[in-house]
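Chains as they are written, first to last, in the numbering used here: chain X, 2 to 515; chain Y, 2 to 515.
Here a beta-carbon is modelled for each residue, glycine too, at the ideal position from N, C-alpha and C.
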């Protein structure tokens, strides 16, 4: 079994999903879970793109130990310098440099000749290697590039010191046969190819990112890039959990394995979905709600006779046992703390106290507190940024009826600490509520998208709401959970506004690049 | 360009998705849209499985003209006879017979020897061909079957009169290389293979259903089976829209085309999502909300310079322009009717009157009525089954506040026409509402799952709710839409209860098979 390295870009390419906007604390929680999951390399962001990205990459680089942390950079000295500042504290500083090699990108986007692209790449790889022991170079839009130009530039950047060569299918254009052939061609024609790791990076625009990634592996790639739940630009990246499970389940056919702890798959997927608001569909492979559900009578009959008739892997293999009950109202703080440790969550004393308080509140209202509920509570605490002054919900009420006018009344504490109150009507309860919040908040607000979901089933399930607002022209997302849909909606709206304020606070200092 | 036939099983394998339970009217609307989309063959159900399925298949077979309609049957005379009764009125009656050929299925599920499986298949294909001009035979779990046994049984069922041979990857186990080789092997070893169409049928458990389907096509399959949005058992079937678009976009590489009208893709996807409650994730290829969205600064910059830098297909190609505004409060009935015709929707006079009324009501409350809104309204009308006496919501009100106890008051007309009222509290507004409905409804109810989504963005967007209930032990789903989240939730709950009552009404007559 050859070991394939898993390069996770959930926090960089994944975070480029429209409407996703993670803060530092959220990124760190995802990074810690990725480390627990066992990913080999973790792309934490694009340090030169903004102050916020820089800080998140630095925090993750300084914290994560068992996974190599990398950051993206354009082929510019200042990008490399900023990335070095962010990454130098990591266990094995690693840079990810990219420059496009396809005719259309070179001509229209870069306005550079192939020679300029080649020379810039070589020069910047050399420059980067003065700082970084590991430098990955990506040929952006490689699958629409001239193969012989790729051979030439790859040979030269390897001579310049690149340690990993990545061949991205940036637009999700390739097919398994074509992508496999490209890897084979490069291995046959790049004379010094054995000095580096070859990497795949696939997008799912035609629904084939996973198969393309595996085709690359069959043709010599030793690293696979992708994201959890396949999130990313447009249709997203190759879904890492699908790649890893396919290699595992078909180990009779594919002679490759990863070092991922597959039993952490479901938890990793849930965390990413929760924090990004990018929910997976019920029929998503491996981690969808239905992925292990058998519906038809014929299938159920087969499952009763022998599970292997319709099951090629067990739900337990990927940590799918979220129905397991957790604890009830009589559970003590000690048992509670032990359970969190089982999850691999580290809380300080204050956080633990707050989590236990919220757990107790929930047990008063909900008979069965599940692992999912608990995870939601803890994540809210771990990703809270209450240090910055912002809007706080004091109280609110909503009246809705088919025969009266929906009305909301809200009392808020605003960032200057003053209590403000208003009441508004709307066509529905959430509209009335959002009109009232809008009236009380000083920024210019425009609601782009609103979602609400329940965590688990049952009438008393937690509701989780995600909103996307445009605040003073800038898109910001927010999430909130509560046992009530209206309250969860209020929390999500305020969360977006507060995230905007926090962001403004940080950003005002320095904007690194546009 | 070889033409590849598209065999859609959204209404059979797709409808086997856990929690999905379409009624006759809903199935017919989906079938009509599939006909407009241009699918070659449409599997409408499994007629022998229940009276409801039988009736839906018959209605679709009698209605649809441009698409060949088929139905599933086990290798049993009674299944074939029932299927014939359902399908004989169709333009080209077509049967889909299946029997498992893998060792594990034969030994544990069927408890039959390979010889028995072979003889039964041959006998039942012969029997079916006495009625049906077209008979497809499927080797269930083909990808885990002995290849030489497949060669033998396929040769024999072709001699018995099968016109299509389907090679299902029932458990979603295969890989592109392996599946392609299997098709090649069958073409090389089954002496009479040229007499039939070869078909692929892939499941997405390892995320490779689309690539596997195309690998089959590259190795001689001339028919691809799958579903819209890839719904189906577990992780679902191959997503037909992804297969078709991949062949189209990469027509330089793949020399195959389909006769799908790709510009109907988005509408087909939306309809299936709406009626099944199986929403697609934002990063779903082709039809996801983000599939054509570009987020990072670098990508946006490229798009401004030349769209082809990051776009391999246009959103218009697949009918993605749902943001287009529709009409406002001054639009007349005539313009309204014309717009519906543009959609390809046929409404009778009563339905048109009702749709226009609801449209006018909506324009009073909502500034911009979109195509999506209109589609939601029309679909509610087309799939209504108001003939059967059931629960009707007379009025309700809900009060929610952070400082008081959530309370709902509901007045219902019950199936016997009597008005009943109750008020209950709950931990949240939906819980209070559902407690009250539960109290007023006589059946034994248990809520399994609750979802709510907004149709489009904005504070005044329509809300669409899906619930899954267990009613007297039987799973039933329901959906409802309204401009308010609470009202949509009430509608969905009652819809599930009413669907159960309607179903009981029909089913009490005859249960065909368990």
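- Within a 10 Å sphere around the beta-carbon of residue 59 (chain Y) sit 16 or more other beta-carbons, which makes this residue buried.
- For residue 131 (chain X), DSSP assigns no beta-bridge partner whatsoever.
- Taking 7 Å as the Cβ-Cβ cut-off, the segment 246 to 274 of chain Y approaches chain X at 246, 247, 250, 251 and 254, given in chain order.
- Listed along the chain, the chain X residues whose CB falls inside 9 Å of the CB of residue 313 (chain Y) are 145, 172, 173, 174, 206 and 207.
- Per DSSP, residue 347 (chain Y) lies in no beta strand (DSSP E) segment and is marked neither H nor E.
- At least 8 Å separates the CB of residue 226 (chain Y) from every CB of chain X.
- If the five residues before and after residue 66 (chain Y) are omitted, its C-beta is found closer than 8 Å to the C-beta atoms of 36 and 92, all from its own chain and listed in chain order.
- Contact between residue 129 (chain X) and residue 100 (chain X) is ruled out by a C-beta separation of about 12 Å, above the 8 Å threshold.
- Boundaries of the beta strand (DSSP E) around residue 75 (chain Y): 69 to 75.
- Distance from the CA atom of residue 20 (chain Y) to the CA atom of residue 88 (chain Y), rounded to whole angstroms, is 26 Å.
- It is roughly 41 Å from the alpha-carbon of residue 320 (chain Y) to the alpha-carbon of residue 102 (chain Y).
- Per the coordinates, the alpha-carbon of residue 422 (chain Y) lies some 13 Å from the alpha-carbon of residue 443 (chain Y).
- In this structure, the straight-line span from the alpha carbon of residue 306 (chain X) to that of residue 315 (chain X) is close to 16 Å.
- The C-beta separation of residue 45 (chain X) from residue 28 (chain X) comes to about 7 Å, placing the pair in contact by the 8 Å criterion.
- Contacts with chain Y (Cβ-Cβ distance below 8 Å) from the segment 421 to 451 of chain X involve 427, 428, 429, 430, 431, 432, 435, 436, 448, 449, 450 and 451, listed in chain order.
- Within 10 angstroms of the beta-carbon of residue 268 (chain X) lie 16 or more other beta-carbons, which makes it buried.
- Sixteen is the threshold: since fewer than 16 other Cβ atoms of the shown chains lie within 10 Å of the Cβ of residue 189 (chain Y), the residue is exposed.
- Under a 10 Å Cβ-count criterion, residue 420 (chain Y) is classified as exposed, with fewer than 16 other Cβ atoms of the shown protein chains found around its own Cβ.
- Under the three-state reduction of DSSP, residue 89 (chain X) is assigned to coil, being neither helix nor strand.
- Nearest to residue 225 (chain X) by C-alpha distance, out of X:48, X:345, X:455 and X:6, is X:6.
- Under the Cβ distance rule, residue 359 (chain X) does not count among the residues neighbouring chain Y, no pair being separated by less than 8 Å.
- Residue nearest to residue 393 (chain X) within the set X:200, X:481, X:254 and X:166 is X:481 (criterion: CA-CA distance).
- Only those residues of the segment 175 to 206 of chain Y whose C-beta falls short of 8 Å from the nearest C-beta of chain X are listed: 176, 177, 178, 179, 205 and 206.
- Taking a Cβ-Cβ cut-off of 7 Å, the neighbours of residue 105 (chain X) in chain Y comprise 307, 309 and 310, given in sequence order.
- The distance from the Cβ of residue 140 (chain Y) to that of residue 168 (chain Y) is about 6 Å, consistent with a contact at the 8 Å cut-off.
- The three-state secondary structure of residue 335 (chain X), taken from DSSP, is helix.
- 8 Å or more divides the Cβ of residue 433 (chain Y) from the Cβ of residue 466 (chain Y).
- For residue 300 (chain X), the chain Y residues whose Cβ falls inside 7 Å of its Cβ are 234, in order along the chain.
- Of the candidates X:246, X:254, X:255 and X:275, the residue whose Cα lies closest to the Cα of residue 262 (chain X) is X:246.
- Residue 26 (chain X) carries a helical assignment under DSSP once its states are collapsed to helix, strand and coil.
- Residue contact check for residue 8 (chain Y) against chain X: no CB pair falls below 8 Å.
- Sixteen is the threshold: since fewer than 16 other Cβ atoms of the shown chains lie within 10 Å of the Cβ of residue 335 (chain Y), the residue is exposed.
- Below the 7 Å Cβ cutoff, chain Y contributes no neighbours of residue 150 (chain X), its closest Cβ being approximately 17 Å away.
- Taking a Cβ-Cβ threshold of 8 Å, the residues of chain Y close to residue 110 (chain X) are 302, 303, 306, 307 and 310, in chain order.
- Per the C-alpha coordinates, the member of X:10, X:77, X:308 and X:469 positioned closest to residue 111 (chain X) is X:77.
- Going by DSSP, residue 242 (chain Y) is part of the alpha helix (DSSP H) stretching over 241 to 250.
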